[in-house]
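Chains as they are written, first to last, in my numbering: chain W, 833 to 1088; chain P, 833 to 1088.
Number of protein chains: 2
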Amino acid sequence: MLTNPVTNMLKKERQAYILHQVSLHNSVLSADLSNSINVSEDTIRRDLNELAETGKVIKVHGGALSKSFNSFYLRSDVYNVDNKKIIAEKAASLIKDGMFVLTGGGTTIIEMARLLPEDLKATFLTGSIPAAYEYSQHPNIEVIFIGDKIAKKSQIAVGGEAITRIRHIKADLCFLGINALDTEHGITDNDWDVVQVKKAMVETSAKTVVMSISEKLNSYQRLRICGVDEIDVLITELDPSDKLLDPFRLNSLTIL
Amino acid sequence: MLTNPVTNMLKKERQAYILHQVSLHNSVLSADLSNSINVSEDTIRRDLNELAETGKVIKVHGGALSKSFNSFYLRSDVYNVDNKKIIAEKAASLIKDGMFVLTGGGTTIIEMARLLPEDLKATFLTGSIPAAYEYSQHPNIEVIFIGDKIAKKSQIAVGGEAITRIRHIKADLCFLGINALDTEHGITDNDWDVVQVKKAMVETSAKTVVMSISEKLNSYQRLRICGVDEIDVLITELDPSDKLLDPFRLNSLTIL
DNA sequence: TTAAAAACTGCAAATTGTTGCAATATTTAT
DNA sequence: ATAAATATTGCAACAATTTGCAGTTTTTAA
């Protein structure tokens, strides 16, 4: 952060200026401030210490952070849960009585499982331990677990056996929680085994529904699961008309 | 996760960014973070270590995992926990490195799973959702889930597919939590599907270990799993010399 | 098993912090 | 107003932190 040098400030003025900069950028570097106000870094440091002592900023090595900064990142957990619930509700509305539904794991899927209507009668097939657990709590849902070796990170079954069995299933719908999606690379992930399983799921299902919070859009990872053209429905927490979704408006893709 | 590079971050900012990415994607790779923030992998590793030390993420080889993702299954108040723990400890002592262990579900099995030593390297095969979850929390244990339709009451996979696969396994040990046992009727249960699965497990294993709180001894139910002569080890919370166990002192049966 | 990837270790360079001190500037008391 | 007291500021020497690198060990995957 570099601005025009300012001179001859009183201490209070200077500190007010610093506070302003912090609230503007969420963080400041001592070196930059020293440059823009033309005082020594010692002075800046002393200012920052005072502001930190009175709780106005958070002092860190090399500068200071805005106080709201911390809560911004900390709340992301909760805030994502809310978004995931929005997604989950849209997703749940796609499932009709009698359907065969193939799903992966992931927190969004879990949220969806919890939101399934009590009276829904359908068959869910999954290789995810937490998802299977959630499905099995529902009174009218049949759960088929697709077993194999359990990948510890993701808590889902992976391996040839699982993939073979997935390919023998002709599901009506496939719900996929994903890690990254963009128009160029399609759905991508970074776990080889998981990618194999998800690939099989997409290929064997009549329709593929992708659930993703909007933050995961326009990022990509190393391994490709499938292209955007193989997705039938994209669900985010955003309104379907949102600008962020413009790149995904294709003939083959429904946005919810 | 690959996004546009960001530069000149304060350490805290960087760590907040990492946390955000972890909560977003459930997992991060050190290499990817190093790319997107333009710092060396060493720095990322040090950050991840710090975040792991303060319990914000779970560090794994190559990156880190979200902490919130794990732990869906809460131990509801288990009947007779203390006795079950005694049983579980005895049972755990039977398992040696390299073994293939086939287990059912049930609260006693879950307790055993929690008591397995950290350094035990073995392969566990099960059709129980809670058991598979517990096994998968251990660092050195391979978990194979034997999938099929999930029986809701017992949260285990039942059906022809599961049975066929169980019969193809030649396990060293089979651990069974049971509902009823007496010398006349052997192991008995009252759920048809579950009985089929347990039968297959007993028949395909080199040794069968039965875990039961003493209350369940000398009672029986409608459906027979196997006779007492097919059991190799009987574990209860009692001292092996206890009078209650006298009826079970046979040549073929070890009492622990 | 072996080979590659990742982690750890110690280390050096750069940056940032701390402290004491002297030079100024500002305030206070008379 | 003026001197004394007090605050502020910059500087220099030294301490601490952070970061990247090279060499080694450990872990992982084939």
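By construction, the Cβ of each residue, glycine as well, lies at the ideal position given by its N, Cα and C atoms.
Burial state of residue i, where buried means 16 or more other Cβ atoms lie within 10 Å
i: arginine 907 (chain W); result: Residue confidence is low: arginine 907 (chain W) scores 47 on pLDDT, short of 50, so the model does not pin down where it sits. Its coordinate-derived value is still stated next. When all chains shown are included, arginine 907 (chain W) counts as exposed.
i: glutamine 969 (chain W); result: exposed
i: aspartate 1023 (chain W); result: buried
i: glycine 938 (chain W); result: buried
i: glutamate 885 (chain W); result: exposed
i: tyrosine 967 (chain W); result: buried
i: aspartate 980 (chain W); result: buried
i: methionine 833 (chain P); result: Unreliable placement is indicated for methionine 833 (chain P), whose pLDDT of 47 sits below 50; the coordinate value is still reported in the next sentence. Buried.
i: histidine 893 (chain P); result: exposed
i: aspartate 864 (chain P); result: buried
i: histidine 857 (chain P); result: buried
i: glutamate 845 (chain P); result: buried
i: glycine 930 (chain W); result: exposed
i: leucine 1082 (chain P); result: exposed
i: phenylalanine 1080 (chain W); result: buried
i: proline 837 (chain W); result: The predicted position of proline 837 (chain W) is uncertain, since its pLDDT is 40 and thus under 50; a value taken from the coordinates is nonetheless stated next. Exposed, because fewer than 16 other Cβ atoms sit within 10 Å of the Cβ of proline 837 (chain W).
i: glycine 810 (chain P); result: With chain P running from 833 to 1088 in the structure shown, residue 810 (chain P) is simply not present.
i: proline 949 (chain P); result: exposed
i: histidine 1000 (chain W); result: exposed
i: serine 1084 (chain W); result: exposed
i: lysine 928 (chain W); result: exposed
i: serine 898 (chain W); result: buried
i: leucine 1076 (chain W); result: exposed
i: aspartate 1078 (chain P); result: exposed
8 Å contact criterion, which residue i and residue j should meet: CB distance rounded
i: leucine 1027 (chain P); j: leucine 1066 (chain P); result: For clarity, residue 1027 (chain P) is valine in the given sequence; the question names leucine instead. Not confirmed; about 19 Å, so no contact.
i: glycine 1009 (chain P); j: threonine 940 (chain P); result: 4 Å
i: isoleucine 988 (chain W); j: valine 1029 (chain W); result: 7 Å
i: aspartate 879 (chain P); j: glutamine 853 (chain P); result: In fact, because the Cβ distance is near 11 Å, the residues do not count as touching under 8 Å.
i: glutamate 943 (chain P); j: lysine 916 (chain P); result: 5 Å
i: threonine 1036 (chain W); j: lysine 1002 (chain W); result: 7 Å
i: tyrosine 849 (chain P); j: isoleucine 876 (chain P); result: Tyrosine 849 (chain P) to isoleucine 876 (chain P), Cβ: 11 Å. No contact.
i: serine 855 (chain W); j: leucine 842 (chain P); result: Not confirmed; about 16 Å, so no contact.
i: asparagine 881 (chain W); j: lysine 891 (chain W); result: 6 Å
i: leucine 1005 (chain P); j: leucine 926 (chain P); result: 7 Å
i: aspartate 1025 (chain W); j: valine 990 (chain W); result: 4 Å
When the options are compared against residue i, the one with the closest alpha-carbon
i: tyrosine 1052 (chain P); options: P:Asp1014, P:Ile988, P:Ile918; result: P:Asp1014
i: isoleucine 919 (chain W); options: W:Asp980, W:Ser1046, W:Ser859; result: W:Ser1046
i: glutamate 993 (chain P); options: P:Ile982, P:Ala1003, P:Asn912; result: P:Ile982
i: glycine 936 (chain P); options: P:Pro949, P:Glu921, P:Lys953, P:Tyr965; result: P:Tyr965
i: valine 1090 (chain P); options: P:Ala1038, P:Leu1077, P:Ser1044; result: Lying outside 833 to 1088, the shown extent of chain P, residue 1090 (chain P) is not represented and no answer is given.
i: phenylalanine 977 (chain P); options: P:Gly959, P:Ala963, P:Arg997, P:Leu1005; result: P:Gly959
i: aspartate 1074 (chain P); options: P:Asn1083, P:Asp1061, P:Leu1088; result: P:Leu1088
i: lysine 985 (chain P); options: W:Gly991, W:Asp980, W:Pro971; result: W:Pro971
i: alanine 954 (chain P); options: P:Glu974, P:Asp1021, P:Lys843; result: P:Glu974
i: alanine 996 (chain P); options: P:Phe1007, P:Val871, P:Met1033, P:Ile1019; result: First, the residue type needs correcting, since residue 996 (chain P) is threonine and not alanine in the sequence shown. Looking at the Cα atoms, P:Met1033 is the closest of the given residues.
i: histidine 1056 (chain W); options: W:Ile1019, W:Leu1085, W:Asp1025; result: Residue identity check: residue 1056 (chain W) is arginine in the sequence provided, not histidine. Comparing Cα-Cα distances from arginine 1056 (chain W) to each of W:Ile1019, W:Leu1085, W:Asp1025, the minimum goes to W:Ile1019.
i: proline 962 (chain W); options: W:Ser925, W:Arg946, W:Leu952, W:Glu950; result: W:Arg946
i: asparagine 912 (chain W); options: W:Ser1044, W:Arg1054, W:Gly1059, W:Ile998; result: W:Ser1044
i: cysteine 1058 (chain W); options: W:Asp1071, W:Leu1076, W:Pro1072, W:Asn1011; result: W:Asn1011
i: leucine 1070 (chain P); options: P:Lys1048, P:Val990, P:Asp1061; result: P:Lys1048
i: leucine 861 (chain P); options: W:Arg1054, W:Asp1061, W:Leu926; result: W:Arg1054
i: proline 1072 (chain W); options: W:Val1060, W:Thr1086, W:Asp1061; result: W:Thr1086
i: leucine 957 (chain P); options: P:Ala924, P:Ile998, P:Asp951; result: P:Ile998
i: valine 1060 (chain W); options: W:His1017, W:Asn1050, W:Lys1031; result: W:His1017
i: phenylalanine 1007 (chain P); options: P:Ala924, P:Leu952, P:Asn840; result: P:Ala924
Those residues which DSSP pairs with residue i across a bridge
i: leucine 1013 (chain P); result: P:Ile1019, P:Leu1049
i: serine 859 (chain W); result: W:Leu897
i: arginine 1056 (chain P); result: P:Thr1020
i: valine 1065 (chain P); result: P:Val1041, P:Thr1086
i: isoleucine 1007 (chain W); result: In the sequence under discussion, the amino acid at residue 1007 (chain W) is phenylalanine, which differs from the isoleucine named in the question. Per DSSP, W:Thr935, W:Val1041.
Can you list, in chain order, the stretches of the alpha helix (DSSP H) that have 4 or more residues and sit fully within the segment 873-938 of chain P? 873-885, 913-924
Start-end ranges of the beta strand (DSSP E) lying completely within the segment 937-991 of chain P, minimum 3 residues: 954-958, 973-977, 981-983, 988-990
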